[in-house]
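Below: one structure, written as structure tokens.
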Amino acid sequence: MALCSYHPTTGNAVRLAAQVVKGRWFMVYACLLVMSAAGATYIFSIYSKDIKTSLGYNQQTLNTMSFFKDLGANVGILSGLINEVTPPWVVLLIGSAMNLFGYLMIYLAITSRISAPPVWLMCFYICAGANSQTFANTGALVTCVKNFPESRGIVLGLLKCFVGLSGAIFTQLYTAFYGDDSKSLVLLVAWLPAAVSIVFVYTIRIIEPKTGSAQSTKPFYYFLYLTVALGGYLMIVIIVEKLLPFSRALYIANGAIVIFLLFLPIVVVINEEILNLKSRKQQPEPMVAIMVDRETPKPTLSTIEVEEKSKEPRSVLRRLGDTVRPPALGEDYSILQALVSIDMLILFFATICGVGGTLTAIDNMGQIGESLGYPSKSINTFVSLISIWNAMGRIASGFLSEVFLAKYKFPRPLMLTAILLLACAGHLLIAFGVPNSLYVASVIIGFCFGAQWPLLFAIISELFGLKYYSTLYNFGGVASPIGSYILNVKAAGHLYDKEAKRQNLGKPEKTSSRGKDLTCMGAKCFQLSFLIITAATVVGAVVSLLLVFRTREFYKGDIYAKFRNTANNTDTAVEEEAPPPVLAAGDKDRQRTKINTGN
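First residue of the sequence shown? That's 1 in full-length UniProt numbering, and the numbers climb one at a time after it.
So, in structure tokens, the structure goes:
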């Protein structure tokens, strides 16, 4: 991308700066930064051992806390409902306060700055801190989708990609700020996301497209290239860290490079606003809108009779039937219509199986690596690999599904089925403990976990409309904690503790209040649980094929036609030759007529 040649005067420079800050693309960039700090839940496995040893938890208790983390991170119904009635800045401020409170209390607990809270209170803290992620998602991501409805797959993939990269970004920044102190990572998670949201609290807003302006997708591809560069750099750093020891100075330099790459997309924003300024100077004179009063015919006796009949009360069952009866796919569903839809239930069940299984692997990666004999440095590598490939999965499914849909009418639900089947390979590698296979499993699990989210949220927006997207978007995420509770707490955590008790039978000297009494070693620690997860994921893939069948005709059509028609209707001027209008007293109905006063 070449930056446009532009030599502004002082006045033009001020005008350009104001346009950049107020523009649509700076809003997108602000959303990217908010998303880059909104994925702290994915690095739980790095500091989970500190929680376990500092507070004396066993694995099932730790997994219960992990469940409440997932519950908070995915149950965003409250943030969705708030966003329906308030501007995005309110949602972002509430999320900032919750993030700071929740994670700061956890940091104070594990560093013994406060007395050890009971388990239920720690679960509340992490649930509140993680729930702030839904406020960031709702305030930034939903707003961005509504600003670019025809590019929703690209928008979802790009923004969700930054959420996926967030874990690797946090890992690099905390080593630069605090060194190799995983407890301080919790402190970073407490203040950084809150600060980013507050900085951009008034930037992220609904921006109506200007009349006659086209929604170009080129800037999104420029953002994509820079995002891939950031992900590639993080991947290289992870590999180098594994091969060579890093000094404190190298960690600081690495953190500075990561921050530079995060700020680099501002170049794309400035370039687009320069192009907008140039094109605006070349546009013809604007059309002037005047108000014309037109009398409407008075209602006849028959019209009045029909209206009176329509007001007659109908039965409660008839009204309820009209309320839940769904419109055509792609139209705006009400919240109730969407929630009771068979398509939503199918999508919800498939997500429980798919996301629940991959999230179980991510949350337990530290214990999986430990049980298979990997050193702690390799475990940090697994977490970073998951984070990066989580991001790559999000961006790949978002962009590729949009391209395949536009060119080949390839339905997004079918791509979701393929992702679920691919995830089974990663689960089986963990189940059988193949030597050195955890690196490959981390890549597969991270990619598949990330790829499911843009597909889920794009499918919801396409099938059920954007009118209540804030709420429906967050309802889709509820499937994640349900799957996590079933597969993580009830399956993986329970079976791990059962195997650990069997291994430590007759060794009471290892039992203590410091959380080390139930350490399990060997492939059997997670073997049965991941075989169960594999079976559940296969079932989810089969169920998702039902959605492919039910929506096949819908995806064969032009699903974005109504957005283009709306834009065309807005941009079309009605030319009318008439004498200057005389505003007469009459009916309240007014009709707006646009008269072209340009050449």
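Heads up, the beta-carbon is just placed ideally off N, CA and C, and yes, glycines get one too.
For Ala140, the secondary structure class from DSSP, reduced to helix, strand or coil, is helix.
At a Cβ-Cβ threshold of 9 Å, Asn488 and Asn390 do not count as neighbours. The residue among Phe26, Trp120, Leu531 with its C-alpha nearest the C-alpha of Glu273 is Phe26. Taking each of Gly446, Gly465, Lys501, Pro117 in turn and checking the Cα distance to Val163, the smallest one comes out for Gly446. In this structure, the straight-line span from the alpha carbon of Ser470 to that of Leu81 is close to 7 Å. Sequence-distant partners of Arg325 (beyond 5 residues in either direction) whose C-beta falls short of 8 Å from its own C-beta, in its chain, are Gln337. Beyond the five residues adjoining it in sequence on each side, Ile94 comes within less than 6 Å, by CB distance, of Phe135 in the same chain, given in chain order. Taking a cut-off of 8 Å on C-beta distances, the segment 244 to 256 touches the segment 169 to 185, as three or more cross pairs fall below it.
Proximity of the segment 154 to 170 to the segment 392 to 409 meets the contact definition, three or more beta-carbon pairs being nearer than 8 Å.
With respect to the C-alpha of Leu16, the residue from Val269, Asn147, Gln59, Cys448 having the closest C-alpha is Val269. Between Thr138 and Ser182, the C-beta gap is not smaller than 9 Å, which leaves the two residues out of contact. Secondary structure note for Ala338: its alpha helix (DSSP H) is the uninterrupted segment 335 to 339.
Following the DSSP letters along the chain, one finds Gly23 in no alpha helix (DSSP H), marked with neither H nor E. Counting of Cβ neighbours within 10 angstroms places Arg248 among the exposed residues, the total staying below 16.
Between Gly167 and Ile430, the C-beta spacing is not below 9 Å. For Asn380, the enclosing alpha helix (DSSP H) begins and ends at 376 to 408. Comparing C-alpha distances from Tyr473 to each of Ala541, Tyr202, Ser334, Phe101 shows the shortest one belongs to Ser334.
Within the same chain, and ignoring the five residues on either side of Leu71 in sequence, the residues whose Cβ sits closer than 7 Å to its Cβ are Cys127, Pro481. Asn436 counts as exposed, since fewer than 16 other C-beta atoms from the protein chains shown sit within 10 angstroms of its C-beta. Residue Gln452 holds the alpha-carbon nearest to the alpha-carbon of Met392 among Pro117, Gln452, Glu462, His427. Under the three-state reduction of DSSP output, Cys353 falls in the helix class.
Leu165 places its beta carbon less than 9 Å from that of Thr227. With fewer than three CB-CB distances shorter than 8 Å, the segment 54 to 70 does not count as touching the segment 456 to 470. Rounded to whole angstroms, the gap between the alpha carbons of Met105 and Val267 is 38 Å. Between Trp89 and Thr143, the alpha-carbon positions lie close to 11 Å from each other. Taking C-alpha positions only, Ser529 is separated from Gly366 by approximately 16 Å. Cβ-Cβ distances below 7 Å link His494 to Gln60 in the same chain, with the five nearest sequence neighbours on each side left out; the list follows chain order. Straight through space, the alpha carbons of Ser36 and Pro265 are spaced by roughly 13 Å. Here the alpha carbons of Val199 and Leu234 stand approximately 25 Å from one another.
The criterion of a C-beta distance shorter than 9 Å is not satisfied by Ile43 and Leu261. The three-state reading of DSSP puts Asp343 in helix, counting H, G and I together. Following the DSSP letters along the chain, one finds Gly446 inside the alpha helix (DSSP H) bounded by residues 438 to 464.
Linking Leu55 to Asp332 through their CA atoms gives a straight-line distance of about 49 Å. Contact check between the segment 537 to 555 and the segment 417 to 424: three or more CB pairs, one atom from each, fall below 8 Å, which counts as touching.
Bounds of any alpha helix (DSSP H) do not take in Asn364, whose DSSP letter is neither H nor E. At the C-beta level, Asn12 and Leu277 come within 9 Å of one another.
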